[in-house]
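*Asks:* Numbering (my numbering), first residue to last: 2 to 505. We put the CB at the ideal spot given by N, CA and C, even for glycine. Just so we're clear, the structure is a prediction, and the values are computed from it rather than from any experiment. Attaching a single structure in C-alpha cells format; questions to follow.
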Amino acid sequence: NEFDIALKSYRQALACLDVAEKKLKELMADEAARKQALTQRYKQRVDQLRKEFDTIRKQLVADKCTPEILAPADKAAKQAEIVCAAGNLADGFKRWQEALIELKNSQAEWQAHKETSKMEDKLIRQRMAQQCVDLQEKYQKLRKPLAQDPLTQKKLDQADALTRKAIQAQKSNNVKQAINLWQAAINELQRIETARQFDISRQARKMRSEVNELREELKKWEGWDPTIAEQLVQYDVVAAMARDEMKRLDFRKACLRFAEAKKILLDIRKTIEEKIKPTPGKDFTVGKTGIEMVWIPALKMWVGRYEIRNREYRLYQSNHSSQAMEGLSLDKDEQPVCYVSYYDAVAYCAWLNKICEEVGVLPKNYRFRLPTKDEWIFFATCGHPQRKFPWGDEWPPKEQVWNFANQEIFPRDWRLHGYRDPYPVTCDVRKSGKNEWGLYGISGNVWEWTSDTFNGKRAVYGGSWASTVPDLMKIDLKGKNYTDPQRGYDNVGFRIVLAPKNTR
2 NEFDIALKSY RQALACLDVA EKKLKELMAD EAARKQALTQ RYKQRVDQLR
52 KEFDTIRKQL VADKCTPEIL APADKAAKQA EIVCAAGNLA DGFKRWQEAL
102 IELKNSQAEW QAHKETSKME DKLIRQRMAQ QCVDLQEKYQ KLRKPLAQDP
152 LTQKKLDQAD ALTRKAIQAQ KSNNVKQAIN LWQAAINELQ RIETARQFDI
202 SRQARKMRSE VNELREELKK WEGWDPTIAE QLVQYDVVAA MARDEMKRLD
252 FRKACLRFAE AKKILLDIRK TIEEKIKPTP GKDFTVGKTG IEMVWIPALK
302 MWVGRYEIRN REYRLYQSNH SSQAMEGLSL DKDEQPVCYV SYYDAVAYCA
352 WLNKICEEVG VLPKNYRFRL PTKDEWIFFA TCGHPQRKFP WGDEWPPKEQ
402 VWNFANQEIF PRDWRLHGYR DPYPVTCDVR KSGKNEWGLY GISGNVWEWT
452 SDTFNGKRAV YGGSWASTVP DLMKIDLKGK NYTDPQRGYD NVGFRIVLAP
502 KNTR
C-alpha cells in the first residue's frame, strides 16, 4: 500500500512538473514577445519623429532659413542618430523628441524673424505682445502639473528664472527677447515633462515586474484558503486596469494601479504569514482541508480540535464511505471518519504533509502524524495523566456531553449505567463534548488510533458510541485496547497532531 501511494504521488508530482514547465515556457515566450513589441514600438516612434523632423527641416530650408537657426536642432538630431545607432532606442526616442522640440523652436524663431521683416513695427509689437501673453498662459498650463508632482517640483528653478527675465524684457519693450525667453522657459518645461514621462514609464515597467513576481510567488496559495481567492479576484481586476493604462501609455495612472495591486498582494502575503502559516503558541486552521489545530504548550505541538471528519478524509480518498449502522448513517460530512485502518490514518498524515509542503505551510521540522500513547493521554486529560477518565476520577461524568453507548437502538443490551446521550451512532464532531483544552470527542464518538504497538497490534483510546462499559472510557485499559492495524471498524477513527520530527 505504501509503495502504491508513493508511486501515485510520484506520478502526480511529474504531472505538476510538466504543467509548471509548460507555464514557464509560456511566460518566457510572453516576455520575449513583450520585449520585441516594445523595441518595435520605439523603432516606429523614432521613425515617425525622424520623418516629422525631416519634413519640417525641408520646409525651413526651402523657406531659406539660416543655418545658424537650424544648427541647434541639427546637432540634437545628430546626437539622437548616434544613440539610436548604438541600439538604445528608448533613449534615442527621447533624444529625437528633444531634437524635434529644438527644431520647432527654430521654426518658431524663423517664423518670428520673417514676420518681423514683413510687418510694420507697430503691428509686429502688438502681435509679439499677444504672443508673450499666449506663451505665458501656455507656460503656466505646462507648469501646473509639474509643480504638483513631487518628482519635478524642485526642477523648475531654471524655467522660472527664464520667465522672470522674460517679464523684465517685456517691461523694457524688448518683446522679441521676451518671446525667446518665454519659449526657452516653455522648452525647459517640455524637457522636464519628457524626462518625467520617461522616468514614469520606466517606473511603471519596474512596478509591473515587481507585481508579476509577487503574483507568481502567491500563485501556489490560490486554492488554499477562500479569503486568499477573494483577494486575488480583487487583484486581477486592478492588475487588468493597470495593463490597460500601459497600453494607453498613461504611465502615471498605470503606476497608481500597480501600487494598488502590489498592496493587495502584500496584504495577502501578510495574511499568509500571520493567519495561515502556523506559529507556535497560536491555534491555526489547515487551509484547503479546514482542519482546526490547537496549540498545546506543554507538548510543544498542535493537536486536532476534532477527530478527522468524513469530509476531510474524502479530500484524500474521494470515494471513501464510513457506511451505516442499522440504517443510520456514519458517513455524513461532519461525522468522524471510520472504517479506516491504522495504516489508512498514517497514509492520510503523509498526504497532508505532502500538500502542506507544496505550499510551504509547515513549520521547520514539524510533520503531521498520529499521537503516541503518552501524548494522547496527556492532552486527553489536560495534563493530568493520573486521572481514571479524561474528565476526572468519577463515573458518571457530571456533564453528560460525550457520545457513548448505543442504547437508543439496543436499549436493553447496550445499557450504560448512569449515563444517557441523544446520539444512536456517531455524531457531528462539534457536538461530541470537549475537555478543558477545547479538544472535542476525547471520550466517546469513535476510538482513536495511536502509534503505540504491542504484538503487531496498535492501541486505540477514548471509547466510542458503542461503548457500554465505563471501564472502556478509562485511561488505563490494561492492554485491552490493542487491535488489528490493517482493519477498519465502525467505531474507530483518528485524530492528528502536528509535532516536531524528533518527538515521536
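Which whole-angstrom value describes the C-beta separation of F54 and L124, a residue pair presumed to lie in contact below a C-beta threshold of 8 Å?
*Replies:* As a working note, residue 54 is residue 53 in the sequence shown. As a working note, residue 124 is residue 123 in the sequence shown. Wrong, their Cβ atoms sit about 32 Å apart, outside the cutoff.
*Asks:* Taking contact to mean at least 3 C-beta pairs separated by less than 8 Å, is the segment 255–270 in contact with the segment 209–222?
*Replies:* Judged by Cβ distances under 8 Å, the segment 255–270 makes contact with the segment 209–222, as three or more pairs qualify.
*Asks:* With a cut-off of 8 Å on the beta carbons, I'd call R253 and I201 a contact; round off their distance for me.
*Replies:* Counting from one through the sequence shown, the residue named residue 253 turns up at place 252. Counting from one through the sequence shown, the residue named residue 201 turns up at place 200. About 5 Å separates the two Cβ atoms, so the contact holds.
*Asks:* Is the segment 392–402 touching the segment 299–306 in the sense that three or more CB pairs, one from each, lie closer than 8 Å?
*Replies:* As far as the Cβ criterion goes, the segment 299–306 does not touch the segment 392–402, which means the pair count is below three.
*Asks:* E275: buried (16+ other C-beta within 10 angstroms of its C-beta) or exposed?
*Replies:* Within the sequence shown, numbered from 1, the residue matching residue 275 stands at position 274. With fewer than 16 Cβ atoms within 10 Å of its Cβ, E275 is classed as exposed.
*Asks:* I need the straight-line Cα distance from Q13 to T40, nearest angstrom please.
*Replies:* Residue 13 sits at position 12 when you count from the first residue of the sequence shown. Residue 40 sits at position 39 when you count from the first residue of the sequence shown. Rounded to whole angstroms, Q13 to T40 spans 41 Å at the Cα level.
*Asks:* Just the Cα atoms here: how many angstroms apart are I292 and C256?
*Replies:* Indexing the sequence shown from 1 puts residue 292 at position 291. Indexing the sequence shown from 1 puts residue 256 at position 255. Their Cα atoms are separated by approximately 40 Å.
*Asks:* Using the three-state DSSP reduction, which class does Y343 fall into: helix, strand or coil?
*Replies:* One-based indexing of the sequence shown puts residue 343 at position 342. Of the three classes helix, strand and coil, the one that applies to Y343 here is helix, per DSSP.
*Asks:* Can you tell me the Cβ-Cβ gap for D429 and E335, rounded? I've got them flagged as a contact below 8 Å.
*Replies:* As a working note, residue 429 is residue 428 in the sequence shown. As a working note, residue 335 is residue 334 in the sequence shown. Right, their Cβ atoms sit about 4 Å apart.
*Asks:* Going by CA-CA distance only, name the one from R270, K248, R244 and L267 that's closest to R258.
*Replies:* As a position in the sequence shown, residue 258 is number 257, starting the count at 1. That would be R244, whose Cα lies nearest to the Cα of R258.
*Asks:* Suppose you measure from the CA of Q108 to the CA of A78; what does that come to, to the nearest Å?
*Replies:* Locating residue 108 in the sequence shown gives position 107, counting from the first residue. Locating residue 78 in the sequence shown gives position 77, counting from the first residue. Computed Cα separation, rounded: 15 Å.
*Asks:* Here's a check: name, in chain order, each residue in its chain whose Cβ is nearer than 6 Å to the Cβ of W438, leaving out the five neighbours to either side.
*Replies:* Counting from 1 along the sequence shown, the entry for residue 438 is found at position 437. Answer for W438: C383, listed in chain order.
*Asks:* Return the CA-CA distance between R496 and G305, expressed in angstroms with no decimal places.
*Replies:* As a working mapping, residue 496 is identified with position 495 in the sequence shown. As a working mapping, residue 305 is identified with position 304 in the sequence shown. Rounded to the nearest angstrom, the two C-alpha atoms are 6 Å apart.
*Asks:* Kindly say whether K79, judged by its beta-carbon, lies nearer than 8 Å to any beta-carbon of chain B.
*Replies:* Absent here is chain B; the protein component of the structure consists of one chain.
*Asks:* Reducing DSSP to helix, strand and coil, say where T56 ends up.
*Replies:* Stepping through the sequence shown from its first residue, residue 56 is reached at position 55. If DSSP states are grouped into helix, strand and coil, T56 belongs with the helices.
*Asks:* In chain order, which continuous runs of the beta strand (DSSP E) of length 3 or greater are located wholly inside the segment 260–322?
*Replies:* Here the runs fully enclosed are 285–287, 292–297 and 302–305.
*Asks:* Going by CA-CA distance only, name the one from A381, D422 and Q387 that's closest to D400.
*Replies:* Translated into positions along the sequence shown, residue 400 becomes position 399. Note that residue 400 is Glu in the sequence shown here, rather than Asp. The shortest Cα separation from E400 among A381, D422 and Q387 belongs to D422.
*Asks:* Identify, in the order they occur along the chain, each residue of the same chain with its Cβ nearer than 8 Å to the Cβ of K502, setting aside the five sequence neighbours on each side.
*Replies:* Residue mapping note: residue 502 aligns to position 501 of the sequence shown, counting from 1. Once the five neighbours on either side are set aside, the close Cβ partners of K502 are N366, Y367 and R368.
*Asks:* Among P425, F285 and Q235, which one has its Cα closest to the Cα of L329?
*Replies:* Here the question's residue 329 lines up with position 328 in the sequence shown. It is P425 whose Cα lies nearest to the Cα of L329.
*Asks:* Going by other Cβ atoms of all chains shown within 10 Å of its Cβ, with 16 needed for buried, is D158 buried or exposed?
*Replies:* Taking the first residue of the sequence shown as position 1, residue 158 is located at position 157. Answer is exposed; the Cβ neighbour count stays below 16.
*Asks:* Can you give the beta carbon distance from D453 to K389, rounded, assuming they're within the 8 Å contact cut?
*Replies:* Position 452 of the sequence shown, counted from the first residue, corresponds to residue 453. Position 388 of the sequence shown, counted from the first residue, corresponds to residue 389. Contact flag wrong, Cβ pair sits at about 19 Å.
*Asks:* From C85, G489 and V362, pick the residue whose C-alpha is nearest to that of D345; which is it?
*Replies:* Within the sequence shown, the letter at position 344 stands for residue 345. Looking at the Cα atoms, G489 is the closest of the given residues.
*Asks:* If you reduce the DSSP assignment to three classes, tell me which class S444 lands in.
*Replies:* If you number the sequence shown from 1, residue 444 lands on position 443. It is coil, neither helix nor strand.
*Asks:* Alpha carbon to alpha carbon, how far is E3 from A348? Give it in angstroms, no decimals.
*Replies:* Counted from its first residue, the sequence shown places residue 348 at position 347. Counted from its first residue, the sequence shown places residue 3 at position 2. Rounded to whole angstroms, A348 to E3 spans 8 Å at the Cα level.
*Asks:* Near Y343, which residues of its chain fall below 6 Å by C-beta distance, leaving aside the five closest residues on each side in sequence?
*Replies:* Position 342 of the sequence shown, counted from the start, is the residue given in the question as residue 343. Once the five neighbours on either side are set aside, the close Cβ partners of Y343 are W450, R459 and P486.
*Asks:* According to DSSP, what are the bridge partners of M326?
*Replies:* Indexing the sequence shown from 1 puts residue 326 at position 325. Per DSSP, L329.
*Asks:* With a threshold of 7 Å on Cβ separation, who are the neighbours of K44 within its own chain once the five nearest residues in sequence on each side are excluded?
*Replies:* Against the sequence shown, residue 44 aligns to sequence position 43. Excluding sequence neighbours, K44 sits near L90.
*Asks:* Are the CB atoms of A179 and A160 nearer to each other than 8 Å?
*Replies:* Along the sequence shown, one-based indexing puts residue 179 at 178. Along the sequence shown, one-based indexing puts residue 160 at 159. Not in contact: A179 and A160 (Cβ atoms no closer than 8 Å).
*Asks:* Since R381 contacts G463 with CB under 8 Å, what's their CB separation in whole angstroms?
*Replies:* By one-based count along the sequence shown, residue 381 stands at place 380. By one-based count along the sequence shown, residue 463 stands at place 462. The amino acid at residue 381 is misidentified as Arg; the sequence shows Ala. Right, their Cβ atoms sit about 7 Å apart.
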